[in-house]
């Protein structure tokens with residue numbers, strides 16, 4: 738049974754992508770190397786991370802952090818799990834600022850954890866990234882994109898390409914000089930040549946999309 742490390746050799750990814758895709762490679766050279774993600778080496782608790790992802794959805798960082806802080810105070814712990822979330826009822830969650838839908842999502846996550854349906858970090862180390870996606874997307878409030886972000890930025894899996902992400906699609910549009918953004922299906926086909934380092938390609942495509950957005954922003958001019 739293969740074991741998957743957290744993180745990958747970004748120097749090898751750099752060399753591979755620049756050899757395989759000249760257009761992307763020219764942008765990579767312009768941007769410079771992207772260093773390994775520090776969170777690949779940080780402690781990581783999948784259930785707690787999923788709970789926080791639910792709480793942060795559709796909120797500003799400041800507002801979400803405030804709500805998370807209230808929940809932590811209410812449960813008397815900074816660890817969001819079935820045992821700690823079980824200490825408070827839904828009315829208390831609502832009083833913390835948690836919406837009804839998010840409360841239901843947290844309860845579903847806790848129930849699935851209690852039933853052993855959420856893989857532990859140790860179990861994830863032997864699972865292909867597609868298996869991790871399949872295990873987590875049934876959780877209420879957790880979509881494929883959320884799991885892909887976990888795979889890329891916390892587990893450091895090297896070959897993940899979020900084909901539905903607008904930033905990555907915009908990046909490919911800029912690299913390839915397309916009139917429109919590629920569809921998810923077209924992006925998946927385009928990304929075949931980037932394997933087994935599609936994650937690293939995605940990091941550059943986000944940067945390229947940011948540059949494109951900045952270039953498109955109107956320039957304020959003072960009037961004479």
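Numbering (this note's numbering), first residue to last: 738 to 961. Don't be surprised by glycine CBs; every beta carbon is placed ideally from N, CA and C.
Start and end of the alpha helix (DSSP H) containing residue i?
i, result
"residue 919", "Looking at the DSSP string, residue 919 is not in any alpha helix (DSSP H), and its letter there is neither H nor E."
"residue 772", "That residue, residue 772, is in no alpha helix (DSSP H); it is neither H nor E in DSSP."
"residue 887", "881 to 890"
"residue 934", "Residue 934 -> no alpha helix (DSSP H), and no H or E assigned at all."
"residue 866", "866 to 873"
"residue 850", "837 to 851"
"residue 757", "747 to 757"
"residue 822", "819 to 822"
"residue 905", "903 to 913"
"residue 859", "858 to 861"
Hey, would you say residue i sits closer than 8 Å to residue j, going by beta carbons?
i, j, result
"residue 740", "residue 863", "yes"
"residue 919", "residue 912", "no"
"residue 907", "residue 871", "no"
"residue 845", "residue 876", "yes"
"residue 756", "residue 931", "no"
"residue 805", "residue 787", "no"
"residue 928", "residue 892", "no"
"residue 849", "residue 866", "no"
Taking CB distances under 8 Å as the criterion, tell me whether residue i reaches chain C.
i, result
"residue 849", "Structure shown: chain C not included; a single protein chain is present."
Reducing DSSP to helix, strand and coil, say where residue i ends up.
i, result
"residue 795", "coil"
"residue 807", "helix"
"residue 738", "coil"
"residue 832", "helix"
"residue 894", "coil"
"residue 826", "coil"
"residue 944", "helix"
"residue 814", "coil"
"residue 959", "Its pLDDT being 49, under 50, residue 959 is placed unreliably in this model, and the value from its coordinates should be taken loosely. Three-state result, residue 959: coil."
"residue 779", "coil"
"residue 876", "coil"
How many Å lie between residue i and residue j at the Cα?
i, j, result
"residue 888", "residue 860", "14 Å"
"residue 747", "residue 772", "7 Å"
"residue 962", "residue 801", "Any question about residue 962 goes unanswered here, given that the chain covers just 738 to 961."
"residue 882", "residue 776", "18 Å"
"residue 874", "residue 901", "15 Å"
"residue 743", "residue 914", "34 Å"
"residue 896", "residue 903", "18 Å"
"residue 840", "residue 762", "45 Å"
"residue 890", "residue 943", "13 Å"
"residue 829", "residue 835", "9 Å"
"residue 794", "residue 810", "20 Å"
"residue 808", "residue 905", "34 Å"
"residue 925", "residue 949", "21 Å"
"residue 760", "residue 831", "50 Å"
"residue 842", "residue 797", "19 Å"
Next on the checklist: Taking contact to mean 3 or more Cβ pairs, one atom from each stretch, closer than 8 Å, check whether the stretch 935 to 949 and the stretch 777 to 794 are in contact.
Outcome noted: Verdict: no, contact absent.
Item to check | Three or more C-beta pairs below 8 Å linking the stretch 919 to 928 and the stretch 809 to 820 | outcome: No, because fewer than three Cβ pairs between the stretch 919 to 928 and the stretch 809 to 820 fall closer than 8 Å, the two stretches do not touch.
Checklist entry - Can at least three beta-carbon pairs, one atom from the stretch 802 to 816 and one from the stretch 750 to 767, be found at a separation below 8 Å? => result Not touching, per the Cβ criterion.
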